[in-house]
Structure formats: structure tokens, C-alpha cells
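For reference, the structure discussed in these notes is given below.
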């Protein structure tokens, strides 16, 4: 059950406490004889990682030697005995300490509540005797890295501090970056100095107290008889915060959850067996499901469950606890974390009463040979089995992740190098500012020209030519379907083709002695997509042909008043034409506005790509956007004037003119068709061989009222058709094109010439560097240095492993 955090106390008489010399059995990571190292304090029965310090006597530290006992248990094969795995292990260890960014690096982390026996388990795994009274290492994460050196080499230790950012926890001292402590002897005073001076701990109650920090204390142990191993110990969770600030409990839990929730971490969950499984505080923090392939459960203090007081009720409770532990250890529990493949590990702890010569491996073997422990798989019994399993698991994770590390590092490096390039060199002079801005604008120019000339080579949001082509096509469709005031009869009919069809039908009718059927006139309104009606609001209304014929009759009655009968007043043609095209100016202006909006979107997207508005180039982006907007406004004014003049040439014309033969040819075709239809209709009721000339005259002569209406309709129709083609072509190919592709327009108006013409004062505003940019450049330089170093580590390991595979 979790207990209070223990606060470091350094009373003068504490140094007078007789030191104990712990015995390291072969069960630990570094099995061997009795260690010459001396530890102040009792052996761990709580969860703290403890201190790594020794009696100030000049006793050298040495890795334990293998026992000569012929009956000793054979250590399972060390997965890091492979040179290939050792290379990867060293590379991963270097990357963890290098601080190379968010890399998917697997690591073993050990978590648990206070009094859970974490320290004892760590002692068994690492060979380090961790005392518990001082509680120093419970205040910050501690990574222990053990590696084997050449035979006959000296044992050594090295302590460094790796900066780590964990939300909610204050950073340690500023002077930790270059801190290093190494040698053969690590005294209590030297270790206490790390906590007090370098880690910045100020234990106790009060706002000025700092009981926990996020930085990782790294202890590297090297020796000829050590094994390759790496584990990260986290501060134990607790409920009673009487010796620390109340907020510390939340901060520690947040840090533990941060590490547990990291998918790359292998979580070793330590729980003391005597405490009810469901009441374990650490399980509450594991509410977010943890994948079973990265969760390892360990029961400590299994020997304490065996203790049976005299009370019968307590004996029954012990039996229930034993049954639950065994079911969890065998993977048969109903609890979600009690059904792990292979089950949980069971270990025994060292106790205060155990003598210096205590053999933990033998004690575990004796304990777990009894019922009910012996029903658990041997692969889950004892510290040696746990150490072997964790080493194999770590080795496997390292091999699996290593191939993806390089691509991740390379990607992160390229991103930061690109961002640094975008920031440019420090800009302290006019020339430097000018060079930086010109380089950015050149990139914009290249992309803008590509957007105009080569559709399909940029992101969809930058495809200006494609977007303008779409808008031009929609303008064309709307103009042809809704551009006129009236709908013409047979607007899309070729009169000569129609005449040939009628002659063929007449020949057929005569052969069959039938009457020629009447011609069906096409007066239907052209169908159009509803989205275009919305794009050009209020301009979709078109009157039908019947209304057109009525309007022509009214105009003829007006204009014929000053002329003789049978003569058409030519003033009716421009009048009717102006009425027919009166919507053109409004439609063209809407089209220009739609194109202008597309230009704004595309140029903003291009500029944001070369000069992001939400990054450290925000000032430059804002100033370049201002220049671009100025070009847009100037060009928009010119284009609006041009568009207006082109529209007024049509909507205010006083005479209709056509220099090409097309108008005359089509009018001639329609008049022949009208003559044929009138003549045919006049002959319908005539006797064979007898022609009624007056009736034929009334049917075909253009001076009569009905025929005058048809002639005005046909002239207006043909001329409108020709003018519409020319108008659409002028607006799209001249007005719109000059707007989007003009050298001083809204797209290409932002160019190097424009930048070079700026004064020094203007350049200070456009290309000046703010504090955020300078700070970001330093951050990027630091990140790039780290990532380049990480890349060097990975490449070196790759070369070394490849050489081994070739050999």
C-alpha cells in the first residue's frame, strides 16, 4: 500500500551508523561474491529507488565476480551477449541521452507505489544495493545503464543528468547540461551534492519547495563482469503527502502516466504481494489500456505472504491472497491485468533480518519450490527469470524499432533544416534583409508562374490556371444560356441544313402523295446547372420568344411612324440589341469578381507555402501580403475599367456593324428559308398548275408586317450570336487574362524588381527580423545539431552491424 514520501535527512550522527556490506548473489544482474561496497541505511522495503552512494572510505567499486560454487544455477543466456545486439543497445542508449527529439526508442520503465519493493527488485536486476532512508532518487527519474567492458578492465561509474520536459514539473537547475560525475568511488557527499545543487531539489512544505523534478539522473555502470541492461526507475506513487506539498502527488502521478502512456515504453509494474491487488495505487494510473506486449507485472515480497500470525482470521486472509496471486501469476485471473500471456513474475525481497551472506537466489528457489508457488511456471519465478525475460524483451524491441529510427531522424532533420533555410541567415544589414526577401519572393515567382503555365504541378489550392479555366467555362455557359433578355427562336439551328431537310421531306411527301408536315420551331429555354444560377444571382431570368416577337412589334410600330409603309427603320436594330445585351455588364463584373477571389485564394496559398503566416516568417508574410494586395487593388481597378469599356461597347452601341461574311451568309440563309416556307404555305391550297401570285406575295415579301417582325428577329438573332462569341472571347482572353498574367498584376506583381525598388526604411519593415525569429533560429540550430548527432549514431551502428553480417 502506498505510503508517505520520505524526506532526505542528513543529521551529523547519521555517518556514525555502522555500515552494512551487502552480499550480491548470482541472482542479480551482476552475480558474484560479497561486494566490498558499503551502504549506509537499511535494505529496501519501500518503493524508492534509493541512493547510489557509498561509505566515504576509499573502497573501490568493482563488479561482482562469478561464484566458484559448482552447484550454482546456470544463468540463462544473455540476449546482449550478441555483438550485433550490443551495438544496437549502445546506439539506443546514446540516442536516449542525446535528446534528439521525439524518437520511438523502446525502454524499460519501472513503476509502482511506495513500499512496493521497487528498490529491492532493482537491486536484483542491476546489482546496486539501494538504501531507502534518504529517498533521494524517489524525487526524479533514474536511468541505470549497465554494460560489459573488456576482461581485466576496471569497474567504473559515470553519472550525468539528461534534461527532460514533463508537463507540471519544474525543471532542475540550469547548470545540469554539462554536469558529469565519474570515477571508481561514489561517496555519499558527492551524490547528495547532485540532488541539492545540480538537481535543484528543495524538499519540504511551501511554495518555494521543489520536491520532484523531471530530469533523468543517469547512472552508467561498466565492468568486465556486468551484463548489458537498461532500465528507467520512476518516483513511487503515494497517497499521504504530509511531508511534501499537496500538488506534488498530482505532479508525480502526471509524470508516471506520461511515461506509462508512451507506446514505446515497456512498463514493469511492481506490486507488493501482501497488499490487496485491487487496492494497488499504481493500477489506478493504468486506466488507459496498456497493450499486453509492453506490460510486465512483478509481485515483490512474496516471502511476506508466507508469514502466518497466530490469528486464524489472518491465516484465512493470507490463503485468499495467495490464491489470487497465483491465479494472476499464471494468467488465470479475471482481472484485465491479471490475464497476461505467461502471467506475472514472482520475486522475493531482501529483508532487514537477512544476514550479509544472504543468498537471494537460493532463498527464492526454496520459497517457490513450495505449494502453491510451485504451480507457477518456472519462467516466472525469481529475479533471475525476470531479468532474463526483460533483457530478451528489450533486445527484441530494439531490433524491431531500429530500422525505422533512421528514416524518422532523417525526416525530422530535413524538416528543421528546411525551416531554418526559410528563416535565412541573421538579417542585420540592408543587404542581408534584401537578400532574404528576394530569395523568398523568387520562390513565390517560380510557383506563381507554374500556377499560370503548368496545371497539375502544384497543390490543388494553388492551381490558379485550372481554377480560372473553370470559371471561364462557367461564364461562357451562363452567357450563352442566360446572357440575353429574350430567347430566340431556333437559336442553334443552321438555316441551310434546315432547308435541305425540308426539301427532302417535301420530295418524300410528294412521292407518297402526302402533305408536307409543318415545321416545329424550337423555342425551349436552355437548361443550366442550378449552381450557375446561384453564382450569378438575379441574372437568370430570360423571356421567351413570344415576348420577343411582341417587343419587336411594339418597336416597329414606334419606329415606322416616320417612314413609309413596307420600309423598316434601321434604328430598331441597335435599340433591340441594346435591350438584348443589357445584362452583359453585370454578368462580366460578377465573373471578374469570382476570378479575383480565386486569385486571392491561390496567391495566398502559394505565399503561405513559401512564407508561412503561422511561423517565424509571419512578419515577412504579412508585409509581402500587403505588397501583393496593393498590386491586386491597382490591377483590379485597371481591369474593372477595361471590363466596363468592353461591356459599354455592346450595351451602349448606336449602330450594328459586321465586317466578316458570316453575318451576311447566315442572314441570307434565314431569308431563303423564310421565302421557301412562305411560298410553300401559299401553294398548299392552290390547284395543280395554278399559282395564286397575290397570296405568294403576301407570304414572302419582307415589306409586310409579319415578315418584318421575322426579319428583325433573324437579324437580331444572327448578330447577337456573333457578338456573344466575340464578347465572351474578349472578356476571357483579354480582360481576365491580362488581369491574372500581367507582370504588375495580382499574381506576378510580387516580384524581385518590386522588392529591389524598396527603400532601406521599407526593407527594414518587410525583411526585418523579430525576436521570435532569432529565438527560433537558435532552437532550430540546436535541434539540427542533435538530429545530426543522432543520425551519426544510427549510421555508425548500421555500418557496424552490416560489417558483422558480412563477416
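Numbering (UniProt numbering), first residue to last: 1 to 807. The beta carbon of each residue, even a glycine, is placed where N, CA and C say it ideally should be.
Residue 462 sits buried, since 16 or more C-beta atoms from the chains shown fall within 10 Å of its C-beta.
Only residues of its own chain outside the window of five on either side were considered, and among them 303, 348 have a CB closer than 6 Å to the CB of residue 367, listed in chain order. DSSP, reduced to helix, strand and coil, places residue 222 within a strand of the structure shown. Segment contact: the stretch 649-660 against the stretch 586-602, fewer than three CB-CB distances shorter than 8 Å; contact not assigned. For the options 706, 459, 258, the alpha carbon positioned closest to that of residue 285 is the one of 258.
Excluding the 5 residues flanking it on each side, residue 719 has same chain C-beta neighbours closer than 6 Å at 656, in chain order.
Residue 635 sits close to residue 745, with the two beta carbons spaced by under 8 Å. When the alpha-carbon of residue 375 is set against those of 327, 296, 772, 361, the nearest one is in 327. By the criterion of at least three beta-carbon pairs nearer than 8 Å, the stretch 634-650 is not in contact with the stretch 782-798.
Residue pairing by DSSP places residue 653 in no beta bridge whatsoever. DSSP places residue 749 in no alpha helix (DSSP H); its state is neither H nor E. Segment contact: the stretch 467-478 against the stretch 747-766, fewer than three CB-CB distances shorter than 8 Å; contact not assigned.
Three or more Cβ pairs drawn from the stretch 82-95 and the stretch 395-406 lie within less than 8 Å of each other, which places the two stretches in contact. As a beta-bridge residue in DSSP terms, residue 162 pairs with 216.
With respect to the 8 Å criterion, residue 489 and residue 668 are not classified as neighbours on the basis of their beta carbons.
Contact check between the stretch 566-573 and the stretch 607-627: fewer than three CB pairs, one atom from each, fall below 8 Å, which does not count as touching. As the crow flies, the alpha-carbon of residue 156 is around 10 Å from that of residue 146. Looking at the backbone, the Cα of residue 118 and that of residue 782 are separated by about 36 Å.
The beta-bridge partner set that DSSP reports for residue 146 consists of 221, 229.
When secondary structure is reduced to three states using DSSP, residue 267 falls in the strand class.
Cβ-Cβ separation between residue 616 and residue 412: approximately 18 Å, too far for a contact (criterion under 8 Å). In this structure, residue 584 sits near residue 650, with a CB-CB distance shorter than 8 Å.
Counted as a single uninterrupted DSSP element, the alpha helix (DSSP H) harbouring residue 395 occupies residues 383-423.
A residue is called buried when at least 16 other Cβ atoms come within 10 angstroms of its Cβ; residue 96 meets this threshold and is buried. Annotation note: the stretch 482-531 contains no uninterrupted beta strand (DSSP E) run of length 3 or greater. Under the three-state reduction of DSSP output, residue 108 falls in the strand class. Between residue 433 and residue 427, the beta carbon gap of about 5 Å places them in contact (Cβ cut-off 8 Å). In this chain, the alpha helix (DSSP H) harbouring residue 364 covers 360-368.
Cβ neighbours of residue 466 within its own chain (closer than 6 Å, five residues either side excluded): 455. By the CB criterion at 8 Å, residue 498 and residue 673 fall inside the cutoff. For residue 331, same chain residues with a beta-carbon under 6 Å away, outside a window of 5 residues either side, are 339, 340, 343 in chain order. From the listed residues 730, 794, 799, the smallest Cα separation to residue 405 is found for 794. With contacts defined by Cβ atoms closer than 8 Å, residue 121 and residue 270 form a contacting pair. Taking a contact as a CB-CB distance under 8 Å, the pair residue 709 and residue 553 counts as one, their CB atoms being some 6 Å apart. With respect to residue 265, residue 109 sits close: the two C-beta atoms are nearer than 8 Å.
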